[in-house]
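For reference, the structure is listed below as C-alpha cells.
Number of protein chains: 2
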Amino acid sequence: MCELLGMSANVPTDIVFSFTGLMQRGGRTGPHRDGWGIAFYEGRGIRLFQDPVASAESEVAKLVQRYPIKSELVIGHIRQANVGRIGLANTHPFVRELWGHNWCFAHNGQLADFQPSPGFYRSVGDTDSERAFCELLNRVRQAFPEPVAGETLLPTLIATCDEFRRHGVFNCLLGNGDWLFTFCSTKLAEITRRAPFGPAQLKDADLTVDFQAETTPDDVVTVIATEPLTANETWTAHLPGAWSLWRRGECVARGQVPAA
Amino acid sequence: MCELLGMSANVPTDIVFSFTGLMQRGGRTGPHRDGWGIAFYEGRGIRLFQDPVASAESEVAKLVQRYPIKSELVIGHIRQANVGRIGLANTHPFVRELWGHNWCFAHNGQLADFQPSPGFYRSVGDTDSERAFCELLNRVRQAFPEPVAGETLLPTLIATCDEFRRHGVFNCLLGNGDWLFTFCSTKLAEITRRAPFGPAQLKDADLTVDFQAETTPDDVVTVIATEPLTANETWTAHLPGAWSLWRRGECVARGQVPAA
Numbered sequence: 001m002c003e004l005l006g007m008s009a010n011v012p013t014d015i016v017f018s019f020t021g022l023m024q025r026g027g028r029t030g031p032h033r034d035g036w037g038i039a040f041y042e043g044r045g046i047r048l049f050q051d052p053v054a055s056a057e058s059e060v061a062k063l064v065q066r067y068p069i070k071s072e073l074v075i076g077h078i079r080q081a082n083v084g085r086i087g088l089a090n091t092h093p094f095v096r097e098l099w100g101h102n103w104c105f106a107h108n109g110q111l112a113d114f115q116p117s118p119g120f121y122r123s124v125g126d127t128d129s130e131r132a133f134c135e136l137l138n139r140v141r142q143a144f145p146e147p148v149a150g151e152t153l154l155p156t157l158i159a160t161c162d163e164f165r166r167h168g169v170f171n172c173l174l175g176n177g178d179w180l181f182t183f184c185s186t187k188l189a190e191i192t193r194r195a196p197f198g199p200a201q202l203k204d205a206d207l208t209v210d211f212q213a214e215t216t217p218d219d220v221v222t223v224i225a226t227e228p229l230t231a232n233e234t235w236t237a238h239l240p241g242a243w244s245l246w247r248r249g250e251c252v253a254r255g256q257v258p259a260a
Numbered sequence: 001m002c003e004l005l006g007m008s009a010n011v012p013t014d015i016v017f018s019f020t021g022l023m024q025r026g027g028r029t030g031p032h033r034d035g036w037g038i039a040f041y042e043g044r045g046i047r048l049f050q051d052p053v054a055s056a057e058s059e060v061a062k063l064v065q066r067y068p069i070k071s072e073l074v075i076g077h078i079r080q081a082n083v084g085r086i087g088l089a090n091t092h093p094f095v096r097e098l099w100g101h102n103w104c105f106a107h108n109g110q111l112a113d114f115q116p117s118p119g120f121y122r123s124v125g126d127t128d129s130e131r132a133f134c135e136l137l138n139r140v141r142q143a144f145p146e147p148v149a150g151e152t153l154l155p156t157l158i159a160t161c162d163e164f165r166r167h168g169v170f171n172c173l174l175g176n177g178d179w180l181f182t183f184c185s186t187k188l189a190e191i192t193r194r195a196p197f198g199p200a201q202l203k204d205a206d207l208t209v210d211f212q213a214e215t216t217p218d219d220v221v222t223v224i225a226t227e228p229l230t231a232n233e234t235w236t237a238h239l240p241g242a243w244s245l246w247r248r249g250e251c252v253a254r255g256q257v258p259a260a
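If you're matching them up, the sequences are chains C and X in order.
UniProt numbering applies: residue 1 is where the first sequence begins, and numbers increase by one.
UniProt numbering applies: residue 1 is where the second sequence begins, and numbers increase by one.
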C-alpha cells in the first residue's frame with residue numbers, strides 16, 4: 001500500500017511540514033520504501049519531483065524540504081510497490097495534459113483483474129494505478145471533449161471511482177490545477193486549518209509548527225492524507241465511498257456512494 | 001532566443017559538465033534569464049527539472065549540478081522570453097505522452113503568425129514553442145495512431161519542421177526515450193565523444209573535465225547544442241535545413257531539406 005497527501009489552499013502555501021511527516025513513512029516510520037513523488041501546481045504549470053528511492057533517503061526529497069515551494073494545490077505520494085517494478089515510470093503522482101490543463105493523480109490501493117482497453121491516454125509504466133488514471137481521463141475526455149467545471153465532471157468521476165474500487169482498493173487524489181477531487185475506498189482523512197491557527201505536532205517526526213506565525217487570518221488550508229499526519233489536531237475520517245471536491249481550501253461538494 | 005542542449009549516449013552518462021556550461025548562459029555569460037529546464041530519461045520514465053528563474057541563480061539548477069543524474073537521453077533548455085510570460089507553464093522542455101511513451105521537446109527561435117487549430121494535444125502555457133510541439137504531436141498521432149520507429153516518422157517530422165521554420169526560426173530537439181531528433185533552422189552544433197577520450201574545457205566557466213577518467217572505451221556520447229559548449233574540441237555545425245536522428249549516441253539518419 002502507499003500513502004497519499006493532498007493540499008488545497010486559498011493562498012500559496014508551503015507543504016514542507018506535512019511533507020516532512022509523510023516522508024518519514026518512506027522507510028523510517030513506515031514501510032513505503034519504493035519511491036515517492038510530489039506535484040506542486042504553479043500557475044498553469046506543474047512542478048513534479050519524484051524519486052524511485054525511499055523518501056527518507058532521497059536527495060531530491062531533501063531539496064523539497066530545504067526549498068519550500070508555495071502552491072495552492074499539491075498532490076504527493078509515497079510508494080510501497082505491489083503491482084509494477086520499482087522505477088521512475090511507476091512512481092506517483094502521474095501527470096497528463098487534458099484540455100490544456102495539467103491533470104495529476106495519485107492512488108493508494110491495488111486493483112485486481114484491471115486491464116482497461118487502451119484509449120487515447122496510455123500507461124508509460126506498468127502499474128494498475130497509472131492504468132486507472134489513463135482510463136479515468138479517457139472517460140472524461142470522451143464525455144467532455146471541451147473543458148467543463150469540476151462540478152460538472154463529478155458524476156463521471158464518482159461513477160468511475162466507484163467502479164474501480166470493485167476491483168480492490170481505490171483511494172485516490174485527482175487535481176487539475178483548479179480543483180482537487182478525492183475518493184475514499186478504505187481510508188482518507190482531512191483537516192482544514194483556518195484562523196485561529198495553532199501549533200501542530202507531527203506524528204512521524206519530532207517537529208512542531210506554529211501555523212499562527214506562518215499564516216494570515218484569511219488563509220484556509222486543507223490537507224487530505226491516507227492517515228492523519230499530526231497528533232494534536234482532530235482529523236475527519238472519510239467513510240468508504242465518500243468523495244469530495246475542493247477549491248482554494250474549501251470543500252465545494254461532497255457525498256457518498258453506497259458501499260461496494 | 002534561447003539555448004538548447006541535447007545528449008544521446010550508449011551508456012547512462014551524467015551531463016553535469018555540459019549543463020554547467022549551459023547554465024552559465026542563464027544570466028551570467030548569456031542573457032537567458034527567463035527560466036531553464038532539463039529532462040532526463042530514466043528507463044521509460046522522465047525526470048524533469050525546471051525553474052522560471054535564471055539558471056545561474058536557480059536552487060533547483062544547483063541541485064542538478066550537485067546530484068549527477070545519469071541518462072542515455074537528455075534534453076535541456078535555457079530561455080530568454082520572447083513570446084509568452086515568464087512562468088513554469090512557459091518553461092521548456094515540454095513533455096506529453098504519446099503511445100505510452102514520454103515525448104519531450106525544446107525549441108530555440110520564434111514563430112510569427114503561428115496559430116494551429118487546437119487538436120488533441122493543447123498548450124498549457126502560451127508560447128509559440130509549446131503550440132508547435134502540440135501541433136507536431138497531433139500530426140504524428142494522426143499519421144500513426146500506433147507506435148512506429150523513429151525512422152518511419154522522419155518524413156512527418158521533417159516536413160512539419162520545414163513548414164514551421166517558414167514562420168520564423170525553428171531549431172528544435174525532440175526525444176521519446178528511444179531516439180533524439182534534431183532540426184536546424186539557423187544554428188545547432190554537435191560533437192560525438194568516443195575513445196580515445198581527452199580533456200574538455202568549457203567556454204562559459206572555468207571548468208575542465210577529463211572524459212578519459214570518467215568513461216569506458218566503449219562509451220559513445222553525443223552532445224548537440226545551439227552553440228559549442230567547449231573551447232578545445234571541434235564541433236560540427238549543422239546547416240539550415242539539416243535534420244538528424246540519434247540513438248544510443250550514434251547518428252542513425254541525417255539529411256537536409258532545401259533552404260526555406
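Even for Gly, the Cβ is constructed at its ideal location relative to N, Cα and C.
For clarity, every value in this text was computed on a predicted model and none was experimentally measured.
Residue interval of the alpha helix (DSSP H) (run including residue i)
i, result
"X/Arg79", "Here X/Arg79 belongs to no alpha helix (DSSP H), and DSSP marks it neither H nor E."
"X/Asn138", "Asp128 to Ala143"
"C/Ser18", "Val16 to Gln24"
"C/Asp113", "Note, C/Asp113: premise wrong, no alpha helix (DSSP H); not H, not E."
"X/Phe120", "Where X/Phe120 is concerned, there is no enclosing alpha helix (DSSP H), given that its DSSP letter is neither H nor E."
"C/Ala61", "Glu59 to Arg66"
Backbone CA spacing between residue i and residue j [nearest angstrom]
i, j, result
"C/Arg122", "X/Ile69", "26 Å"
"X/Asp113", "C/Leu136", "36 Å"
"C/Asp219", "X/Ile78", "35 Å"
"C/Thr186", "X/Gly6", "45 Å"
"C/Asn171", "C/His107", "6 Å"
"X/Leu153", "C/Gly168", "40 Å"
"C/Thr216", "C/Thr222", "15 Å"
"X/Lys62", "C/Ala61", "15 Å"
"C/Glu97", "C/Gly45", "11 Å"
"C/Arg66", "X/Val64", "15 Å"
"C/Val209", "X/Val140", "51 Å"
"X/Gly43", "C/Leu22", "26 Å"
"C/Asp126", "X/Lys203", "43 Å"
"C/Pro155", "X/Asn176", "35 Å"
"X/Cys161", "X/Phe183", "7 Å"
"C/Ile86", "C/Thr226", "21 Å"
"X/Ala205", "X/Gly76", "18 Å"
"X/Glu250", "X/Glu151", "14 Å"
"C/Arg25", "X/Ala237", "51 Å"
"C/Asn10", "C/Ala259", "32 Å"
"C/Phe164", "X/Glu146", "27 Å"
"C/Gln115", "C/Val124", "14 Å"
Proximity to residue i [Cα-Cα], best of the options
i, options, result
"X/Arg248", "X/Pro240, X/Trp179 and X/Ser185", "X/Trp179"
"X/Gly198", "X/Ala213, X/Ala205, X/Ser185 and X/Asp206", "X/Ala213"
"X/Gln80", "X/Phe105, X/Val53 and X/Glu57", "X/Val53"
"C/Trp243", "C/Gly109, C/Pro118, C/Leu173 and C/Leu73", "C/Leu173"
"X/Gln110", "X/Glu97, X/Val95, X/Cys104 and X/Arg131", "X/Arg131"
"residue 298 of chain X", "X/Gln115, X/Leu48 and X/Lys62", "The requested residue 298 of chain X does not occur in the structure, where chain X is confined to residues 1 to 260."
"C/Tyr41", "C/Ser8, C/Ala56 and C/Val16", "C/Ser8"
"X/Cys104", "X/Ile38, X/Arg85 and X/Glu146", "X/Ile38"
"X/Phe211", "X/Glu59, X/Val16 and X/Ile224", "X/Val16"
"C/Glu57", "C/Ile75, C/Ser18, C/Arg33 and C/Ser71", "C/Arg33"
"X/Asn102", "C/Gly100, C/His101, C/Phe94 and C/Gly177", "C/Phe94"
"X/Asn90", "X/Phe133, X/Ser117 and X/Glu59", "X/Phe133"
"C/Thr100", "C/Val148, C/Leu239, C/Cys251 and C/Gly119", "In the sequence on display, residue 100 of chain C carries Gly and not Thr. Closest option to C/Gly100, Cα to Cα, is C/Val148."
"X/Leu239", "X/Leu188, X/Val252 and X/Gln201", "X/Leu188"
"C/Gly35", "C/Thr13, C/Gly84, C/Asn10 and C/Asp14", "C/Gly84"
"C/Thr13", "C/Asn138, C/Ser71, C/Phe19 and C/Cys2", "C/Ser71"
Segment limits, beta strand (DSSP E) that includes residue i
i, result
"C/Phe94", "Phe94 to Leu98"
"C/Arg254", "Glu250 to Gln256"
"X/Arg194", "Ala189 to Arg194"
"X/Val224", "First, the residue type needs correcting, since residue 224 of chain X is Ile and not Val in the sequence shown. Segment Val220 to Ala225, the beta strand (DSSP E) holding X/Ile224."
"X/Asp210", "Thr208 to Asp210"
"C/Thr182", "Leu180 to Phe183"
"C/Arg44", "Note, C/Arg44: premise wrong, no beta strand (DSSP E); not H, not E."
"C/Gly175", "Asn171 to Gly175"
"X/Arg33", "Counting along the chain, X/Arg33 falls outside any beta strand (DSSP E), and DSSP gives it neither H nor E."
"X/Arg247", "Ala242 to Arg247"
"X/Ala259", "It is not in any beta strand (DSSP E) - X/Ala259 carries neither H nor E in the DSSP assignment."
"C/Ala159", "C/Ala159 -> not in any beta strand (DSSP E); alpha helix (DSSP H) instead, spanning Gly150 to Arg165."
"X/Pro199", "Pro199 to Gln201"
Cβ separation of residue i and residue j, assumed to be a contact under 8 Å, to the nearest whole Å
i, j, result
"C/Gln50", "C/Leu88", "6 Å"
"X/Phe181", "X/Leu245", "5 Å"
"C/Ser55", "C/His92", "With a Cβ gap of about 12 Å, C/Ser55 and C/His92 do not count as contacting."
"C/Ile158", "C/Val252", "14 Å between Cβ atoms; not a contact."
Validate contact between the region 229 to 241 of chain C and the region 178 to 193 of chain C using beta carbons, cut 8 Å, 3 pairs:
yes
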